[in-house]
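Chemist: Here the sequence shown is numbered in this note's numbering, starting from 11 and rising by one per residue. All C-beta atoms, glycine included, are put in the ideal place defined by N, C-alpha and C.
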Amino acid sequence: MRIAGLIVVRDEIQNKLEGLVRKRGFEGSWVDDDEEIIRLKEEIRARVAEVEGLCRTHGTNPGALPMPSRRCYSWMNFLIQEPNLQMHLHCLATSYREANAAMGECRSRLQKNGKFQIEFYSISAIFRTKKAKREMRILASEGFIGASRQVLGSLIACAVNKGGSGDRERMLTYTGGDAYQRIIRELNQHTSSGVNGKGKIYDLNRVYERVNQRYFAGEMDKPELCWTQRQTVRMYGRYRLGTDTVSISLSLDDARVPEFVVEYVMYHELLHQLLGVDIVRGRRRSHTREFHRYEKSFDRYNEAQMFLKEWSKSRRK
Ligand SMILES: [Zn+2]
Numbered sequence: 011m012r013i014a015g016l017i018v019v020r021d022e023i024q025n026k027l028e029g030l031v032r033k034r035g036f037e038g039s040w041v042d043d044d045e046e047i048i049r050l051k052e053e054i055r056a057r058v059a060e061v062e063g064l065c066r067t068h069g070t071n072p073g074a075l076p077m078p079s080r081r082c083y084s085w086m087n088f089l090i091q092e093p094n095l096q097m098h099l100h101c102l103a104t105s106y107r108e109a110n111a112a113m114g115e116c117r118s119r120l121q122k123n124g125k126f127q128i129e130f131y132s133i134s135a136i137f138r139t140k141k142a143k144r145e146m147r148i149l150a151s152e153g154f155i156g157a158s159r160q161v162l163g164s165l166i167a168c169a170v171n172k173g174g175s176g177d178r179e180r181m182l183t184y185t186g187g188d189a190y191q192r193i194i195r196e197l198n199q200h201t202s203s204g205v206n207g208k209g210k211i212y213d214l215n216r217v218y219e220r221v222n223q224r225y226f227a228g229e230m231d232k233p234e235l236c237w238t239q240r241q242t243v244r245m246y247g248r249y250r251l252g253t254d255t256v257s258i259s260l261s262l263d264d265a266r267v268p269e270f271v272v273e274y275v276m277y278h279e280l281l282h283q284l285l286g287v288d289i290v291r292g293r294r295r296s297h298t299r300e301f302h303r304y305e306k307s308f309d310r311y312n313e314a315q316m317f318l319k320e321w322s323k324s325r326r327k
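#1: Under three-state DSSP, which class holds residue 264?
#2: Rounded to the nearest angstrom, what separates residue 258 and residue 213 at their Cα positions?
#3: Report the rounded CA-to-CA distance for residue 223 versus residue 253, giving the unit in angstroms.
#4: Please classify residue 176 as buried or exposed, where buried requires at least 16 other C-beta atoms within 10 Å of its C-beta.
#5: Can you tell me whether residue 312 is buried or exposed? The criterion is at least 16 other CB atoms within 10 Å of its CB, across all chains shown.
#6: Nearest-angstrom Cα distance between residue 113 and residue 167?
#7: Which residues share a DSSP beta bridge with residue 236?
#8: Looking only at its own chain, which residues have a Cβ that is under 6 angstroms from the Cβ of residue 55, when we skip the five neighbours before and after it?
#9: Could you check the C-alpha separation between residue 137 and residue 282 for me, to the nearest Å?
#10: Do the CB positions of residue 106 and residue 154 come within less than 7 angstroms of each other?
#11: By DSSP's criteria, residue 158 is part of a beta bridge. Which residues make up the other side?
#12: Taking only three categories from DSSP, how would you classify residue 176?
#13: Let me check one thing: in DSSP terms, what residues is residue 213 bridge-paired to?
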């Protein structure tokens, strides 16, 4: 099922958020009893109820929607929880202020009267910049809404003109931190149905539970779990910080693949979640010496490695 029009709704809300922020000259105080904010929140709440109603009629739930609709639903649901909408508006206002200051310094990059837009949303990357001749749009992760003015300034610098290594470092340190992760988790929690982890042979939810108990004393926060769409054999797993998601290659959802191999790949990706990324001279490094030390404590580490090597070879033929 696809909820047609949800992306249009998303754009409408983004435009309203922008309108509100521009009207206040980027200096709004965004208090709880602000009438315009209350009205906007009611509108979003109505949309959320609409999606839930539609899902009920179709005998499904929002967690089972296709990704774009699901993202939109969880984003809207996130915004109506206190104090997220206020935080979002505050962050948006600060970002425009920072952007105006940055643009002042390099006006040639964006011609006069060109359209410039910043949006915060549920995306898998930390940010994306879309540039056209007289238009620039920065799409950044909702995880930034709790960021300081300095972090937002660095984000804008990186998005507009790549920024310096200091900017990259400040931005990546924030995205690797607790504040960012908390927001991403809250954003995902309304749609964590676990359905995307259920494969033909293996259920990643169960694989995760076992690995979590065995190696992390049951203390890891559960990320989003999913199988990749395609049968990748070069990359068996991936941890995405932006959405706190572990994806495992569909090629491993196969009865010929032993369970401990899937567990090993899960373990590897959960280590990324646990250890985060080291930032060296503005670059992210994730397979550090410390990482490998942890990785080798997997019970059948060598066997799992060997199996994956052979599996790649046999699948490439
Ligand atoms: Zn890795």
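Modeler: In brief:
#1: Here residue 264 carries a coil assignment [DSSP, helix/strand/coil].
#2: 11 angstroms
#3: 23 angstroms
#4: exposed
#5: Exposed, since its Cβ has fewer than 16 Cβ neighbours within 10 Å.
#6: C-alpha separation (whole angstroms): 9 angstroms.
#7: BP columns for residue 236 point to 257.
#8: 90
#9: 20 angstroms
#10: Result no, Cβ atoms of residue 106 and residue 154 do not sit closer than 7 angstroms.
#11: According to DSSP, residue 158 bridges with nothing at all.
#12: helix
#13: 208
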